[in-house]
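Asker: All residue numbers for the sequence shown refer to the working numbering, where the first residue is 33 and numbers rise by one.
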Amino acid sequence: MSVIRRPWGLSLGLAALLVALAIPVRAAEPVEDFVIQCRPTCDSVAAAIRQINGARINYIFRNVPGLAASIPVSAAASLQKRTDIVDVSKDLAVSSPLPQVQQPLTADQARVLSPNELPGFTGTVPANYNYNNGLTGAASLHAQGTLGTGVLVAVIDSGTANNPAVVPAIAGSVIGGESLVSPAEDPLSATSTQNDPHGTWVGTMIAGHANFLFQSTSTLVRSLQQHSPSSVLSCATLGCPANLSVIPMIGTAPAAKLYAIKILPANGSSTPSSRTLAAMDRVLTLRRNFDNGVPSVPLNAGCGAEENPCVYDSLPIKVVNMSLGGGTLNAGNDLKDKLTVDLLNAGIVVTVAAGNDGPGALTIGSPGSGRGALDVAAASTPVHERVLRDLQFGLGIGVLWRPFNGIETATFSSRGPTPDGRISINLTANGDGCFVQSADGSISLASGTSFSSPTVAGAAALLREKFPTASAAKIRGALIQSANPNLLADGSGAIDRGNGFLDLAAAVNLLSSGAPVRTNLDFGLSSPFMDLNLLLLGITPVRFTNDVATRHLTNLKPGQVAQLYLKAEEDTESFQISFSNVTPTLPAAQQNQLFGDDLFVTLLDSYTSFKVPVVEQFVAGNTTFTFTQPTSGYVRLAVQGDTTNAGTISADVTITRVRNNLGALTATGKVRQGEADLVKFDVPAGTAKLTGLLEWIYNWGGYPTNDLDLYLIDPNGNVVAFGATLGSPERAEVNNPVPGRWTARVEGFAVQDTLLGTGADFWRLWVKADGQRLRPR
């Protein structure tokens with residue numbers, strides 16, 4: 033066997049590979065974006081990058097030894113050899129979870145509640161006046177005068193609008209902001225009303241303080257009067273026209289102040305991971321500067337206008353909300369994840385949206401996977417869903433759509449655990465049909481974990497006001513420890529709803545009682561093998577007997593999810609999944625009168641920290657799905673009693689696994705990040721199909737996950753086929769290959785420094801010509 037190892041560097045696609053092979057390329061050398069971790073500092077690394085022709089440093093982080101840079105791919109290998117570099121990773125995209133539903137509304141008027149008016153208003157209206165904060169216990173704190181006064185919340189998002197005439201819901205709340213988006217990409221300020229609506233939606237969930245007036249005959253008012261009458265106030269008591277009704281838009285902490293840090297461009301597109309890192313780093317700098325005595329005064333005199341927000345270099349930030357996230361190969365040890373711990377230790381409660389990749393398990397992205405994050409799932413209450421569906425489809429449809437009276441974990445809400453063996457989800461708040469205002473002043477009902485997270489951020493702000501000497505870690509711990517699991521009635525487990533539904537009254541009681549509050553952070557087993565990490569949580573894969581497994585799912589409640597974990601190996605050709613005996617408990621006349629009672633089935637490929645769906649389908653009778661060539665790791669089958677069901681439902685599931693005997697290996701080896709191993713082999717004349725399959729130990733069933741790539745190079749040096757994805761195994765195929773001496777190139781694209789301390793991964797390669805093994809030469 034002949035395996036030749038060369039330090040090829042990080043080739044990121046065909047053009048980069050041709051550069052590495054010294055094959056002439058007409059186009060300019062490709063430049064890719066990287067995040068680099070250094071030790072002990074990045075000073076020397078930054079100096080080296082500045083000497084590279086075509087390279088550019090995008091960010092140098094102040095509080096962690098890291099930087100972000102755009103580097104020609106041919107220079108990456110030499111950088112990785114440096115002893116002062118710990119890790120080089122691709123600058124992946126981060127996005128805000130898109131709202132699952134957005135239903136526009138039209139109000140007649142808006143009336144801002146001033147800081148002087150808020151205490152009187154919240155102290156005299158009904159206890160459940162707040163549609164957005166029903167069930168959280170916020171209203172009782174508001175009635176006592178705890179409104180988040182004096183607490184500053186940073187909002188890392190798409191910007192939070194500051195124009196009282198356009199966005200009255202948060203008039204006076206936004207003290208300033210700064211944009212980390214380059215002016216060439218987006219010149220709008222962090223407080224512009226032309227920004228993407230997401231960050232302003234988030235801001236109104238935290239600090240909204242306005243009354244919106246609607247026609248009393250409108251569908252919204254009539255639906256609320258039926259499903260949540262205390263959320264509608266009569267104009268007779270508030271001095272507004274008699275034909276109108278008042279619906280308050282009150283955030284969880286209506287007197288809190290907001291500081292906008294814009295990282296998402298106005299067009300709503302994603303942002304590089306490094307920009308999220310830079311924003312977290314900036315929040316940490318602002319707080320540390322404040323703690324070190326730097327005055328909190330605007331750096332730009334005469335600021336405060338929408339397009340000229342006040343910018344500070346010192347702020348007493350006590351809470352930060354991030355309703356965003358992205359994939360990670362190393363949950364808990366991603367640089368964003370590490371910063372959640374640094375922020376918490378600096379006195380900042382970090383709330384993060386769990387994401388909208390549910391209901392399948394193992395879908396928590398970064399920074400929600402950070403140990404210091406307060407990772408928030410979304411619930412769906414019957415009130416919110418019924419009102420939303422009334423508005424979408426007509427008054428009266430809501431109760432038919434959602435006959436079940438219990439609170440459920442929202443179907444869209446991402447689920448734990450993380451691959452290192454942590455539940456990850458900490459607690460839950462409503463994220464369904466939330467009443468929000470956009471940057472352009474429009475109002476709507478919107479759904480997503482983007483709205484449950486700022487609800488908890490506001491809750492943290494209330495506790496920070498009421499218990500000013502309590503540490504951020506103690507506030508975080510109290511919110512988790514006091515959450516109520518019994519409020520969710522759908523059989524949700526810890527990976528769905530964390531410790532339970534937000535319960536501010538219980539958190540106040542806990543902090544007031546002097547009882548111990550758990551402040552230490554969770555660490556999973558963190559072994560290299562996800563099987564062991566999940567076993568510690570009581571999660572085991574489906575067991576097959578002669579490649580067949582059966583499960584009887586009994587009496588799934590509306591919204592309840594049965595998670596089945598199917599272990600896929602490199603020789604797993606397919607899974608065939610059949611449903612039979614799908615049996616609702618209730619007779620047809622008592623089931624959901626719009627749809628009947630059924631199952632919602634989601635099948636996810638083995639990628640963790642994000643969702644790669646194979647099947648998303650309602651099942652009411654005998655149904656079969658076949659999934660071919662799954663990724664190595666855990667394929668997740670999530671079988672949910674449909675959220676719209678009136679009663680429980682049962683079914684039989686039969687899973688047939690088909691395996692393909694791969695035969696003898698062509699070659700094995702060990703590769704580090706930035707290295708590439710070359711395997712030579714001869715392809716005989718007349719071959720119809722050449723196939724290559726590459727597998728490694730730390731695939732999506734390992735922790736952390738590595739990314740290796742496979743390239744097939746013909747006798748003339750042409751890259752003919754490549755498997756350069758995040759998948760495992762990587763596959764490459766060539767039809768009618770030219771005969772002669774070929775090369776398989778195995779590249780260590782992203783190889784983590786694992787718990788075993790090898791800093792490398794072991795790979796196996798099968799190369800076949802028309803199904804016959806080819807030997808290395």
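All residues carry an ideal CB built from backbone N, CA and C; glycine is no exception.
Model, not experiment: these values are computed from the prediction.
Can you list, in chain order, the residues of its chain whose CB lies under 8 Å from that of residue 809, leaving out five sequence neighbours each side?
Answerer: Once the five neighbours on either side are set aside, the close Cβ partners of residue 809 are 34, 712, 713, 714 and 773.
Asker: Spell out the partners DSSP gives residue 597 in its beta bridges.
Answerer: Paired residue(s): 668.
Asker: Would you tell me roughly how many angstroms separate the C-alpha atoms of residue 455 and residue 448, rounded to the nearest one?
Answerer: Distance between the alpha carbons of residue 455 and residue 448: 5 Å.
Asker: Could you tell me which uninterrupted alpha helix (DSSP H) segments, each at least 4 residues in length, are contained entirely in the region 429-461, listed from first to last along the chain?
Answerer: Here the runs fully enclosed are 429-433.
Asker: Following the continuous alpha helix (DSSP H) through residue 427, name the residue where it begins and the one where it ends.
Answerer: Residue 427 -> no alpha helix (DSSP H), and no H or E assigned at all.
Asker: Looking at the structure shown, is residue 14 part of a helix, part of a strand, or coil, going by DSSP?
Answerer: Residue 14 is absent from the structure shown; the chain starts at 33 and stops at 809.
Asker: Taking the alpha carbon of residue 665 as the point to measure from, which residue in 467, 597, 679 and 631 has its own alpha carbon closest?
Answerer: It is 597 whose Cα lies nearest to the Cα of residue 665.
Asker: Classify residue 805 as helix, strand or coil using the three-state DSSP reduction.
Answerer: Note: residue 805 maps to strand in three-state DSSP.
Asker: Distance, Cα to Cα, residue 755 vs residue 704?
Answerer: Distance between the alpha carbons of residue 755 and residue 704: 18 Å.
Asker: For residue 260, does the three-state DSSP call read helix, strand or coil?
Answerer: The answer is coil: DSSP assigns residue 260 none of H, G, I, E or B.
Asker: So what's residue 662 in DSSP terms, helix, strand or just coil?
Answerer: Looking at residue 662 - three-state DSSP - the assignment turns out to be coil, as it is neither helix nor strand.
Asker: Per DSSP, what kind of secondary structure is residue 126 in: helix, strand or coil?
Answerer: Note: residue 126 maps to strand in three-state DSSP.
Asker: So does the region 418-436 actually touch the region 671-682, counting three or more Cβ pairs closer than 8 Å?
Answerer: Touching, yes.
Asker: Residues in its own chain within less than 6 Å of residue 372 by CB, not counting five upstream and five downstream?
Answerer: Within the same chain, residue 372 has close Cβ partners 382, 399, 402, 404 and 405.
Asker: Check for me: the beta strand (DSSP E) holding residue 469 runs from which residue to which?
Answerer: Its beta strand (DSSP E) spans residues 466-469.
Asker: Using DSSP's beta-bridge definition, name the partner residues of residue 714.
Answerer: Beta-bridge pairing links residue 714 to 773.
Asker: I'd like to confirm the pairing. Which residues does DSSP put opposite residue 30 in its beta bridges?
Answerer: The shown model of the chain, from 33 to 809, leaves out residue 30, and the question about it has no answer.
Asker: I need the straight-line Cα distance from residue 608 to residue 587, nearest angstrom please.
Answerer: When rounded, the distance between both Cα atoms is 23 Å.
Asker: Could you tell me which of 380, 359 and 357 sits nearest to residue 323, measuring between CA atoms?
Answerer: Measuring from the Cα of residue 323, the nearest candidate turns out to be 380.
Asker: Within 10 angstroms of its Cβ, does residue 397 collect 16 or more other Cβ (buried), or is it exposed?
Answerer: When all chains shown are included, residue 397 counts as buried.
Asker: So what does residue 819 bridge to, in DSSP terms?
Answerer: A question about residue 819 goes unanswered here, because the residues of the chain that appear run from 33 up to 809.
Asker: Can you tell me the Cα-Cα spacing of residue 136 and residue 475, whole angstroms?
Answerer: Cα-Cα distance, rounded: 6 Å.
Asker: In this structure, does DSSP put residue 634 in helix, strand or coil?
Answerer: In the structure shown, residue 634 sits in a strand (DSSP, three-state: E or B).
Asker: Find out if the Cβ-Cβ distance for the pair residue 308, residue 368 is shorter than 7 Å.
Answerer: Result yes, Cβ atoms of residue 308 and residue 368 sit closer than 7 Å.
Asker: Does the contact criterion of 3 or more C-beta pairs under 8 Å hold for the region 680-691 versus the region 612-627?
Answerer: Yes, the region 680-691 is in contact with the region 612-627.
Asker: Taking the alpha-carbon positions, what's the residue 798 to residue 604 distance?
Answerer: The alpha-carbon atoms of residue 798 and residue 604 are separated by roughly 15 Å.
Asker: If we call anything under 7 Å between Cβ atoms a contact, is residue 391 one with residue 670?
Answerer: Result yes, Cβ atoms of residue 391 and residue 670 sit closer than 7 Å.
Asker: With DSSP collapsed to three states, give me the class of residue 586.
Answerer: Residue 586 falls in the strand class under three-state DSSP.
Asker: CB-CB under 6 Å to residue 144, same chain, minus the five flanking residues each way: which ones, in chain order?
Answerer: Excluding sequence neighbours, residue 144 sits near 200, 203 and 242.
Asker: How far does the beta strand (DSSP E) with residue 606 in it extend, from its first residue to its last?
Answerer: Segment 604-616, the beta strand (DSSP E) holding residue 606.
Asker: Taking Cβ positions, are residue 278 and residue 238 nearer each other than 7 Å?
Answerer: Not a contact, by the Cβ cut-off of 7 Å.
Asker: Reducing DSSP to helix, strand and coil, say where residue 728 ends up.
Answerer: Three-state DSSP puts residue 728 in a strand.
Asker: Apply the 10 Å Cβ neighbour rule to residue 425 and answer buried if 16 or more other Cβ atoms are within range, or exposed otherwise.
Answerer: Residue 425 is exposed by the Cβ-count criterion.
Asker: Quick one: what does DSSP say residue 683 is sitting in, helix, strand or coil?
Answerer: DSSP places residue 683 in strand when its eight states are reduced to three.
Asker: Would you list, in sequence order, the uninterrupted beta strand (DSSP E) runs of no fewer than 3 residues that lie entirely inside the region 350-387?
Answerer: Correct list: 381-385.
Asker: In chain order, what residues of the same chain lie with their CB nearer than 8 Å to the CB of residue 226, ignoring the 5 residues before and after it?
Answerer: 220, 298, 471 and 472, listed in sequence order.
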